[in-house]
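Heads up, the thing below is written out as structure tokens.
Residue numbers (the working numbering): 32 to 403.
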């Protein structure tokens, strides 16, 4: 075979390898079913649903995708919401993938159940989701990720996560311990609320977390990071954190626990921790143009508790009505810190406390009402 013919053959094979397969019914198995098309697909294929098809596929067992990289796209309702629901029936993990990239859009994934290894709805490698909902999925027996567990990165856009749980595991919605979770315009509500057994990261547990335009409300853990546990860093822009909690007596960071925080234009309201860091516990970072209101801690740092470490800066932030049982109704810091253009108001007599307090002599600094 000439070099030209070989090149042409290789190009033709590449062209033929990516196909689009169509799901024509809502059956759990058989010709035209999602299970059938997943089995027939090869890596790089796209699976779509027949135009106008809507409703629920109730699984009698999970679908194992192996190491295939697949795209699965559902249909939309007239309002643009997903019209296809994949249900694990409260007994099965919905999708399992051991390698490659899984890309989902316009799908509802509900009632997935993982007995081991986590990922109540999805156990995957690299997972990308757009306009999907994840509802009441559960990872049992210490598995992480009530909805998604991934060994690689997770990217979500326009997704909604509601009442996903783990029993003795981490990441009520997403568990991605060694990679990055990136979320844009997503909503996380009431993860860990029903059973109250998520340990770290009520909504998200990931090494690094970046969120833009997201809402975290009513997520609960028994140890750290009511909404997010990010042991490396958490970056939030235009996000809202409300009513999240870490409150089982060992709880820190009612909304966020991280080493390095970078939040801009974020709102933290009504978050709580027992004992410290009602909204945030961190070692270092910057909060810019953020609002902290009505957050509480049973011991210290009603809004923010900063452990010893690198500098923390709060710039043009507002602290209103935050409270703590002991010191720092708004902020407790253990080392270097900077406040610029921040406002403190509300009932606590000591909203701010530091052992250094801008001077070589340890002191407690009453800062309310004041502007620094």
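No residue lacks a Cβ here, since even glycine has one placed at the ideal position from N, Cα and C.
- By the beta-carbon neighbour count (other beta carbons within 10 angstroms, threshold 16), residue 209 is exposed.
- Relative to the Cα of residue 169, the nearest Cα in the group 119, 215, 213 and 69 belongs to 119.
- Inclusion of residue 285 and residue 304 in the CB contact set at 8 Å is warranted, their separation being smaller than that value.
- Here residue 124 carries a coil assignment [DSSP, helix/strand/coil].
- Annotation for residue 134: 102 and 159 place their beta carbon closer than 6 Å to its own, counting only its chain and skipping 5 residues before and after.
- Contact between residue 229 and residue 197 holds: CB atoms are separated by about 5 Å, below the 8 Å threshold.
- Under the three-state reduction of DSSP, residue 70 is assigned to helix.
- Put simply, the backbone Cα of residue 327 is about 52 Å away from that of residue 55.
- Sequence-distant partners of residue 367 (beyond 5 residues in either direction) whose C-beta falls short of 6 Å from its own C-beta, in its chain, are 342.
- Take the alpha-carbon of residue 282 and the one of residue 310: they are about 11 Å apart.
- When secondary structure is reduced to three states using DSSP, residue 84 falls in the coil class, being assigned neither helix nor strand.
- For the pair residue 248 and residue 203, the CB atoms are not nearer than the 8 Å cut-off.
- Residue 140 carries a strand assignment under DSSP once its states are collapsed to helix, strand and coil.
- For the 8 Å CB-CB criterion, residue 223 and residue 252 form a contact.
- Distance from the CA atom of residue 356 to the CA atom of residue 329, rounded to whole angstroms, is 5 Å.
- Around the beta-carbon of residue 352, 16 or more other beta-carbon atoms lie within 10 Å, marking it buried.
- Contact between residue 93 and residue 137 is ruled out by a C-beta separation of about 20 Å, above the 8 Å threshold.
- The three-state reading of DSSP puts residue 135 in strand, counting E and B together.
- Residue 65 sits in a helix when the DSSP states are folded into three classes.
- Taking all protein chains shown into account, residue 128 has 16 or more neighbouring C-beta atoms within 10 Å of its C-beta and is therefore buried.
- Rounded to the nearest angstrom, the gap between the Cα atoms of residue 289 and residue 258 is 11 Å.
- Of the other Cβ atoms in all chains shown, 16 or more fall within 10 Å of the Cβ of residue 68; this residue is therefore buried.
- Inclusion of residue 96 and residue 78 in the CB contact set at 8 Å is not warranted, their separation being larger than that value.
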